[in-house]
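For the sequence shown, the UniProt record's numbering begins at 1 and goes up steadily by one. Every residue gets a Cβ at the ideal spot worked out from N, C-alpha and C, and that includes glycine.
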Amino acid sequence: MLTVIFTVAWGIHRPVTGDDQTEILWDTWGVPHIYGNNTENLFQAFGWAQAASHGNLILRLYGQARGKAAEYWGQDYLDSDKYVRTMGIPARAREWYEAQDLTMRRYLDSFAAGINRYASEHDDQIDDKVKVVLPVDGVDVLAHLQRVTHFNFVVNPQRLESLKSGDSKAGSNGWAIAPSHSASGNAMLLANPHLPWSDFYLWYEAQLTAPGIDAYGAALVGMPMLSIAFNDQLGWTATVNTHRGWTAYELTLADGGYEFDGQVRPFETETKTLKVKQDNGTLEEQEFVIRRSIHGCVVSSQEGNAIALRVVGLDQPQLMAQLWDMMRSRNRQDFETAVARLQLPMFTILYADRDGHILHIFNGQVPVRSQGDWQYWQGVVPGDTSETLWTRYHPYPDLPRILDPETGWLQNANDPPWTTTFPQAINPDDYPPYMAPQSMNFRAQRSAKMLMGENSISFEEMIARKFSSRLELADRILDDLIAATRQSGDELANEAANVLANWDRQANADSRGTVLFATWVQLMPNTNQFATGWNPQSPLTTPDSLADPVAAVEVLAEAAARVKAGYGRLDVPWGERARLKYGDVDLPGSGASGQLGSFQVIDFAPMDETTFKSVAGDSYIAAIEFSDPIKARVLTVYGNATQPGSGHIGDQLPLYAQKELRSVWRTRQDIEANLESRTVF
C-alpha cells in the first residue's frame with residue numbers, strides 16, 4: 001500500500017498523538033492502528049480503513065441488509081431480499097437509529113461517512129457493480145447489524161427451512177485462566193472464534209485509540225465496534241452458546257386469521273414490492289405479502305396451519321452502545337455494568353483482567369417461559385394459547401455466571417455453562433430447565449482436559465495447546481475399533497487397523513491415519529454409535545465404546561477401500577487431502593472438524609474427490625497475558641483484507657500452517673518500527 005497523506009479540518013480537540021490530526025498507522029500485516037483526535041474522527045477513520053480493506057464486500061453486505069440486493073444485482077439475491085423484508089430489517093433499522101442518543105448517532109454516521117469518503121477518494125478501487133449502494137449511512141450500519149446478529153447468528157434461513165436447531169456455521173473456543181492456574185501469576189485469556197472464511201463472518205483486526213479509549217481486537221466486517229477486544233486492564237471473548245433465541249409457533253388458521261385463546265385474531269398484513277434487475281438491465285417488480293401474528297412474522301404456511309417466528313432482541317436497540325462501553329471498561333465492575341444491559345442477544349462471554357479476575361457469563365436475552373425444558377423449545381410450539389407466548393427476558397442476575405472459580409480456569413467450546421470448569425461450579429438444578437441443555441461435545445471435553453492436565457499453564461503453553469489437533473473421538477473409540485477388527489479376519493480392514501494403530505491420533509499435516517479415520521467417521525451412522533451415551537455424571541469420559549463392533553469393522557473396510565482407491569495407499573498424510581487455501585495461498589493443512597474432538601478447528605469442503613480446502617474454523621485468534629506491559633499474540637488466519645490487489649489476502653496463513661501467532665504491536669514505537677504506510681486526515 002502506498003503512503004497516503006491528506007489533511008482535513010475535522011474539528012479542534014486535544015490531540016492524542018501530539019498533533020491536531022487523526023491518522024491510521026498501517027502495520028506490515030495490514031492492521032490499522034487508528035489514532036483519533038476525537039471519537040467521531042476515530043469512527044470515521046475506522047470506516048475508511050474497513051473500506052480500504054473490504055470495501056467491495058461491505059457495500060454488497062449493506063445492499064443486502066437494505067433488502068435491495070436483487071434490485072442492484074439480479075435474481076440470485078431475490079430470496080435474500082424476501083428474507084430481509086419479511087424479518088422487517090430495513091424498517092426496524094430506522095427505528096433503532098432514532099432510538100440511539102445523539103452521540104451514538106454521530107458515531108454511526110461517522111463510521112458510514114468514512115466508508116463513503118474512501119469510496120469517493122478511491123473510486124478506482126471500488127467495483128462498479130457495488131457503487132450503486134453509495135452513499136451509506138448509520139441506518140445501513142444498524143440494518144447490517146440486525147441481519148448478521150439477529151437473523152443469522154440467533155436464527156438463520158437454513159434453520160427456518162427445517163425448523164430445527166441444526167448445525168450452526170459458527171462456533172468458538174475460549175479460555176480464561178486465573179493467576180492461581182497461570183505459571184506467571186498473571187491472568188490470561190484465549191480468544192478463538194470459529195466462523196466461515198467468507199461473507200459477513202470475516203473478522204477485521206484493528207486498534208482503536210482516542211481520548212478515553214485504547215482497545216485492540218476484531219470486529220466483524222462492516223461493524224463499527226470490536227466484538228472481541230482487550231485493553232491495558234481487561235479483555236473478553238465470545239463463544240456461540242446453547243441459547244435458543246427464537247421460537248417457532250404453530251398457528252391454526254380460521255376465517256382468514258388464526259386461533260388464539262379461544263378467539264380468531266386477524267393477521268396484520270403488508271404488501272411489499274421488490275424490484276429485480278433483469279439481464280438486460282431493466283427492473284421487474286414482484287409483490288409479496290407479509291403476514292404477522294401476535295407472535296411475529298409468518299414464515300411458512302400450508303392448508304390449515306402456519307408457522308410464526310418470534311426472535312429475541314428486536315426491541316433492544318442499544319447493542320452498539322453496550323459494545324462501546326465494554327471496549328472502554330477499566331475494571332470488572334465497569335465491564336459487568338455494560339454487559340448487564342443485555343443488548344447482546346446471545347453468546348457466552350469469557351473475561352479476564354489485570355486484577356486477576358476471570359469470569360464466565362452465559363449471556364443472552366433468555367425468554368421467561370412458562371413451561372417445558374430446553375428440548376421442548378427446540379421444536380414447534382403450540383401458538384394457539386398465551387400460555388406459551390413469552391413476552392419478557394430473564395434479567396442479568398438470573399443468568400448462569402461464575403466469577404473466580406477455585407479451579408482457576410474457565411473454558412467454553414460451545415458447551416452449556418454447567419461444564420465451564422471442573423469440579424463443576426454452576427449447578428443446572430439452580431436454573432429453569434429451559435435455560436440450557438445438559439451435554440458436552442468432544443471438543444469441549446478436550447478443552448477441559450487440557451486445562452486440567454497441569455497445575456499451572458504458561459503463556460507459551462496456552463498458545464501451543466490452542467493448536468492441539470488431537471482427536472478426542474479417536475481416543476474414546478479407536479481401541480475398540482482396532483480390537484474388533486483384529487478379531488474379524490477381514491484382510492483390508494486389518495490393513496486399515498495397522499495404519500490406525502500407528503497413527504498419532506492427531507490431525508497434523510503429517511499425520512498418517514487421519515484421512516482413514518475421518519472417512520470411517522463420515523460413513524458411520526450417527527445413530528446408536530456408542531454403547532454408552534453421554535452421562536452428566538461422567539461428562540469427560542462419555543460417550544464411550546462401540547455399540548456395534550461388527551458393523552464398525554464393515555464400515556472400516558469400506559472406508560479403507562475408498563481411501564486406497566482415491567490415494568493409492570491408506571497412510572496418506574492429512575495435509576495431502578486437507579489444504580489450507582485462501583486467495584493464492586495453498587498449504588498442507590492441520591486441524592479438523594470440532595465434531596472429531598479437535599481443539600484446532602478447520603472445516604474443509606471438497607475441491608475434488610480427494611482434495612479438500614479450508615472454508616471455516618479458526619479465524620481470529622488472540623492470546624493475552626495481563627502482565628505489565630501486556631503480552632499478546634494474535635492471528636487473523638486468512639489475512640486482514642479482501643480487496644483485489646491487496647497483499648494481505650491470505651498473508652497470515654503460512655504462520656497458521658506453522659502453528660504460530662504473531663506479536664501484537666500496540667505502542668507507537670512498535671507500530672512505527674513495523675510500518676507499512678500512514679494515512680493522515
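According to DSSP, is residue 662 part of a helix, a strand, or is it coil? Here residue 662 refers to the residue found at position 662 of the sequence shown. Looking at residue 662 - three-state DSSP - the assignment turns out to be strand.
Considering residue 623, what are the terminal residues of the beta strand (DSSP E) in which it resides? As a first step, residue 623 is located in the sequence shown; it is residue number 623 there, counting from the start. Taken as a continuous stretch (DSSP letters only), the beta strand (DSSP E) holding residue 623 covers 620-625.
Taking the alpha-carbon positions, what's the residue 537 to residue 437 distance? As a working note, residue 537 is residue 537 in the sequence shown. As a working note, residue 437 is residue 437 in the sequence shown. Each residue's alpha carbon lies about 14 Å from the other.
Going by alpha carbons, who is nearest to residue 39 out of 199, 30 and 109? The count along the sequence shown starts at 1 and reaches residue 39 at position 39. Answer by Cα proximity: 109.
Just confirm the distance between the C-beta atoms of residue 318 and residue 341, as a whole number of angstroms; I'd bet it's less than 8 Å. Position 318 of the sequence shown, counted from the start, is the residue given in the question as residue 318. Position 341 of the sequence shown, counted from the start, is the residue given in the question as residue 341. At roughly 7 Å, the Cβ-Cβ gap stays under 8 Å, so residue 318 and residue 341 are in contact.
Within 10 angstroms of the Cβ of residue 140, are there 16 or more other Cβ atoms? Answer buried if so, exposed if not. Along the sequence shown, read from residue 1 onward, the residue named residue 140 stands at position 140. It is buried - the Cβ of residue 140 has at least 16 other Cβ atoms within 10 Å.
Helix, strand or coil at residue 630 [DSSP, three-state]: In the sequence shown, counting from the first residue as 1, residue 630 sits at position 630. Coil.
Spatial neighbours of residue 403 in its chain, beta-carbon cut-off 6 Å, leaving aside the 5 residues before and after: In the sequence shown, counting from the first residue as 1, residue 403 sits at position 403. The residues are 359.
The beta strand (DSSP E) with residue 124 in it runs from where to where? Here the question's residue 124 lines up with position 124 in the sequence shown. Run containing residue 124: none; DSSP gives neither H nor E here.
Beta-carbon proximity check, residue 241 vs residue 347, cutoff 8 Å: Position 241 of the sequence shown holds residue 241. Position 347 of the sequence shown holds residue 347. For residue 241 and residue 347, yes; Cβs fall inside 8 Å.
Return helix, strand or coil for residue 330, following the three-state DSSP convention. The count along the sequence shown starts at 1 and reaches residue 330 at position 330. Note: residue 330 maps to coil in three-state DSSP.
What are the partner residues of residue 219, as DSSP defines its beta bridges? Within the sequence shown, the letter at position 219 stands for residue 219. Answer by DSSP bridge pairing, in chain order: 204.
On the CB-based measure, 16 or more other CB atoms within 10 Å of its CB, does residue 278 come out buried or exposed? Taking the sequence shown and counting its residues from 1, one reaches residue 278 at position 278. Its Cβ having fewer than 16 others within 10 Å, residue 278 is exposed.
The alpha helix (DSSP H) with residue 230 in it runs from where to where? On the sequence shown, residue 230 is found 230 positions in, with the first residue counted as 1. Here residue 230 belongs to no alpha helix (DSSP H); instead the beta strand (DSSP E) covers 228-230.
In its own chain, which residues sit with a C-beta less than 6 Å from the C-beta of residue 580, not counting the 5 before and 5 after it? Position 580 of the sequence shown, counted from the first residue, corresponds to residue 580. Once the five neighbours on either side are set aside, the close Cβ partners of residue 580 are 587, 589, 614, 653 and 657.
When the Cα of residue 635 is compared with those of 150, 55 and 205, which residue comes out closest? Along the sequence shown, read from residue 1 onward, the residue named residue 635 stands at position 635. Looking at the Cα atoms, 205 is the closest of the given residues.
For the alpha helix (DSSP H) that contains residue 449, what are its first and last residues? Taking the first residue of the sequence shown as 1, we reach residue 449 at position 449. Segment 442-452, the alpha helix (DSSP H) holding residue 449.
Could you compute how far the alpha carbon of residue 30 sits from the alpha carbon of residue 297? The sequence position of residue 30 within the sequence shown is 30, counting from 1. The sequence position of residue 297 within the sequence shown is 297, counting from 1. Their Cα atoms are separated by approximately 43 Å.
If you follow the alpha helix (DSSP H) that residue 188 is in, where does it begin and where does it stop? For this step, residue 188 is matched to residue 188 along the sequence shown. Run containing residue 188: none in the alpha helix (DSSP H); it sits in the beta strand (DSSP E), 188-196.
Considering only residues of the same chain and omitting the five flanking positions on each side of residue 151, which have a CB-CB separation below 6 Å? Position 151 of the sequence shown holds residue 151. Cβ neighbours of residue 151 beyond the five flanking positions: 87.
Taking only runs of the beta strand (DSSP E) that begin and end inside the segment 26-80, which ones reach a length of at least 3 residues, in chain order? 32-35
Give me the Cα-Cα distance between residue 73 and residue 115, rounded to the nearest whole angstrom. Here residue 73 refers to the residue found at position 73 when the sequence shown is read from its first residue. Here residue 115 refers to the residue found at position 115 when the sequence shown is read from its first residue. Going by the C-alpha atoms only, they are around 20 Å apart.
Status (buried if at least 16 other CB within 10 Å, exposed otherwise) for residue 651: Taking the sequence shown and counting its residues from 1, the one referred to as residue 651 is at position 651. Residue 651 is buried by the Cβ-count criterion.
With a CB to CB cut of under 8 Å and the five nearest residues on each side skipped, what residues in its chain are close to residue 66? The residue given as residue 66 occupies position 66 in the sequence shown. These residues qualify, in order along the chain: 84, 90, 133, 140 and 143.
Taking the Cβ atom as the reference point for each residue, do residue 516 and residue 570 lie within a distance shorter than 8 Å? For the purposes of this step, residue 516 is taken as the residue at position 516 of the sequence shown. For the purposes of this step, residue 570 is taken as the residue at position 570 of the sequence shown. Contact flag set, yes.
Bounding residues of the beta strand (DSSP E) (the contiguous stretch that carries residue 482): In the sequence shown, counting from the first residue as 1, residue 482 sits at position 482. Premise fails: residue 482 lies in the alpha helix (DSSP H), 472-486, not in any beta strand (DSSP E).
Rounded to whole angstroms, what's the CA-CA distance from residue 218 to residue 232? Just pull it up for me. On the sequence shown, position 218 is the one that residue 218 refers to. On the sequence shown, position 232 is the one that residue 232 refers to. Rounded to the nearest angstrom, the two C-alpha atoms are 16 Å apart.
Can you tell which of 196, 314 and 243 has its C-alpha closest to the C-alpha of residue 146? Within the sequence shown, numbered from 1, the residue matching residue 146 stands at position 146. Closest by alpha carbon: 314.
With distances taken from CA atoms, which of 420, 641, 482 and 606 is nearest residue 452? Your numbering for residue 452 matches position 452 in the sequence shown. Considering only alpha carbons, the answer is 420.
Measuring alpha carbon to alpha carbon, tell me which residue in 93, 35 and 135 is nearest residue 55. Taking the sequence shown and counting its residues from 1, the one referred to as residue 55 is at position 55. The shortest Cα separation from residue 55 among 93, 35 and 135 belongs to 135.
Applying the criterion that 16 or more other CB atoms from any shown protein chain within 10 Å of the CB defines a buried residue, is residue 767 buried or exposed? Because residue 767 is not part of the residues shown, which for the chain are 1 to 681, the question remains open.
By the 10 Å Cβ neighbour count, where 16 or more other Cβ atoms means buried, how is residue 68 classified, buried or exposed? Position 68 of the sequence shown, counted from the first residue, corresponds to residue 68. Its Cβ being crowded by 16 or more others within 10 Å, residue 68 is buried.
If you drop the 5 nearest sequence neighbours on each side, which residues of the same chain put their C-beta closer than 8 Å to that of residue 584? Residue numbering aside, residue 584 sits at position 584 when the sequence shown is read from its first letter. Here the set comprises 649 and 650.
Any contact between the segment 180-196 and the segment 280-294? By contact I mean 3 or more CB pairs, one from each, below 8 Å. no
What does the alpha-carbon distance come out to for the pair residue 694 and residue 237? Beyond the ends of the chain as shown, which are 1 and 681, falls residue 694; an answer cannot be given.
Nearest-angstrom Cα distance between residue 325 and residue 44? By 1-based counting over the sequence shown, the position of residue 325 is 325. By 1-based counting over the sequence shown, the position of residue 44 is 44. Residue 325 and residue 44: Cα-Cα distance of roughly 18 Å.
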